[in-house]
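These notes concern the structure reproduced below.
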Amino acid sequence: MTVSRRTVVAGALGGGAAMAIGRAGATAPGAGNDPEGWFRERLAADRLPGGAAALVRPGHAPLILTAGHASLPFRAATAPETLFHIGSVGKHITAAAVLRLADAGRVDLAAGIGRYLPGLPQGWHAAPVATVLNHSSGIPDWDRIIWDRPWTRADVLGWAAGRALDFPPGAAWRYSNAGFTLLGYLIEEVTGRPYADTINAMFRDAGLQDARVDDGEAVIANRAEPYTLADGAPRHATPMSSTIASVAAGGVLMSARDVAAWSAALWGGMLLSPASRALMQAPSRLTGGRPCYYNMGWCIDRLPGRQPYLWHTGSVSGFRACHYHDPASGTTMMMALNADTDAIGAIGFGLMEQVLPGSTPESLPVMADRMPERTAVLRDLLLRRLPADPALFAAGMRVLAERMGDEVIDDYSQDQPPLSALDPVQESRAGGELRRRYRLTVAGRHDYITVGYTSDGLIHEVSSI
């Protein structure tokens, strides 16, 4: 359940100014492109078992794409009603449930999470609910998940007992599945009913036919089987226990045919107040004033010459997902696969380029590198040739580097074929600070990493897909 290509996103301070240099070329949405053919060919080329996607644009009928199989041994083809686990793509669904409680006056986002959730360590009580929703609470994340082992509320609170926050709330940013899991317990405390009941009722209110919170051990009609790839061949992935499969950090099953109804309900005013919808689309801020480009279960990004867009990826055992929403055009894409793959971001963004050219980092040309020394340091960190010395980082990230060591940044040292290119594709400056987006070419795919630098050259942000 992560936004990163690895198991955990590196902790980071939020970003600087929105990207706003140059202008991307304008192309009619989807002109001359073939999203369905591209999707099928890409999954076949990557030897992925199956997948489904939905593309929703105002004035057009929803386009539903299916490819491959929901079950390989039974040769069951994927279909519009096939249910895929969407992992951390579901974080915005948990956020929507919390925002609905806030709209009803039942939750104060500025209040400490301890007001609503008993049993937390004393030092966690004052972390505002809003900071849990944007990963700036300081609540630590677990190092790993054993997918098929029960992980109950008592287990989570036992794990939390005696642990300190990674940093004071609002001082820095670190992705925390544990934090979003606690939000599910908050929903249970406030509503008096299980998290799954609240989410499933919200789905029915929104007119969704299939979507539901998962139950890993239940027999669920139309749920795809999860797979992993070993030497390019599919194998059954480790099944998830019911308590892992259903956590609020990313425990939702959704079908391609439900995406249009969910998008209409989420952005059309059926579920959330105008203020809550605006909050979901706006960067948050850290206590030092620097923007943090994550809020309410969405990463918030911007390309040169375009308005901001929202995205997230999801990853659990045997499933991957990617979600994209462009508020300016009203375009939404959700895609899910029943296989482990590091290429989920590349496939999701590639599909978006078929529909809305110039809408993702895939459209950015490589820039001349005016700071090769910084690129060299980043390459050495990614390849583990250089240790993550806390002296390289600004205050918030320095604390994380001291706690996490090299894991503060993604590890590309084991990739085969190895990382072949690290190219800058976007830059912006604000208040003397610099943000650089890099394109990483590895094993024939593109990943992206954004690094923020203070005016004296220290790293204050590392975010990746």
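Just so you know, we're using my numbering here: the sequence shown kicks off at 19 and counts up by one.
Heads up, the beta-carbon is just placed ideally off N, CA and C, and yes, glycines get one too.
Predicted model only: the values in this text are computed from it and were never measured.
Per DSSP, reduced to three states, the secondary structure at Thr100 is coil, with no helix or strand assignment. Straight across, the Cα-Cα distance linking Arg320 with Tyr327 is about 6 Å.
Taking the Cα positions, Glu99 is about 7 Å away from Ala274. In terms of CA proximity to Gly197, Ile131 leads the group Asp215, Arg455, Ile131 and Phe411. When Val277, Lys109, Ser155 and Gly462 are compared, the shortest CA-CA separation from Thr331 is found for Lys109. Taking Pro76 as the centre and dropping the five residues before and after it, the same chain places the C-beta of Gly348 closer than 6 Å to its C-beta, in chain order. According to the DSSP assignment, Trp285 belongs to the alpha helix (DSSP H) that extends over Val277 to Gly286.
Counting only runs that start and end inside the segment 167-198, the alpha helix (DSSP H) elements of at least 4 residues fall at 171-178. Between the alpha carbons of Gly450 and Ala255 lies a gap of roughly 47 Å. Only exposed fits Arg167, as fewer than 16 other CB atoms lie within 10 angstroms of its CB. Contact between Gly423 and Ala439 is ruled out by a C-beta separation of about 26 Å, above the 8 Å threshold. Unbroken alpha helix (DSSP H) runs of no fewer than 4 residues, entirely contained in the segment 264-351, are found at 277-286 and 292-298, following chain order.
Residue environment for Met288: exposed (fewer than 16 other C-beta atoms within 10 angstroms of its C-beta). Note on Val384: under 16 other CB atoms within 10 angstroms of its CB, so exposed under the neighbour-count rule. When the beta-carbon positions are compared, His103 and Phe337 come within less than 9 Å of each other.
Here DSSP, grouped into helix, strand and coil, assigns Thr246 to strand.
A straight-line Cα-Cα distance of about 19 Å links Leu183 and Arg303. Counting along the chain, the unbroken beta strand (DSSP E) around Glu445 starts and ends at Leu437 to Ala448.
Rounded to the nearest whole angstrom, the C-alpha separation of Val277 and Gly105 is 15 Å.
As a beta-bridge residue in DSSP terms, Ile82 pairs with Ala72.
Taken through DSSP and simplified to helix, strand or coil, Gly108 comes out as helix. With a cut-off of 8 Å on Cβ pairs, the segment 448-467 is in contact with the segment 356-364, counting three or more such pairs. Within the model, the alpha-carbon separation for Ser333 versus Asp173 is close to 22 Å.
Apart from the 5 residues on each side of it in sequence, Thr350 sits with its Cβ closer than 6 Å to the Cβ of Val74, Ser281 and His343 in its chain, given in chain order. The Cβ atoms of Val395 and Leu404 sit closer than 9 Å to each other.
The continuous alpha helix (DSSP H) containing Asp215 extends over residues Tyr213 to Asp223.
Residue pairing by DSSP places Tyr466 opposite Arg457 in a beta bridge. In this chain, Ala357 is not harboured by any beta strand (DSSP E), its DSSP state being neither H nor E. Assigned with DSSP and collapsed to three states, Phe367 falls in helix.
Contact between the segment 138-154 and the segment 183-194 is present: 3 or more CB-CB pairs across the two stretches fall below 8 Å. Comparing C-alpha distances from Gly86 to each of Arg65, Arg308 and Ala79 shows the shortest one belongs to Arg65.
Within the model, the alpha-carbon separation for Arg58 versus Gly68 is close to 9 Å. Leu119 carries a helical assignment under DSSP once its states are collapsed to helix, strand and coil. The straight-line gap separating the alpha-carbon atoms of Ala97 and Ala88 is approximately 8 Å.
Each residue's CA atom was taken as its position, placing Glu235 and Phe221 some 21 Å apart.
Looking at the DSSP output, Ser473 bridges to nothing.
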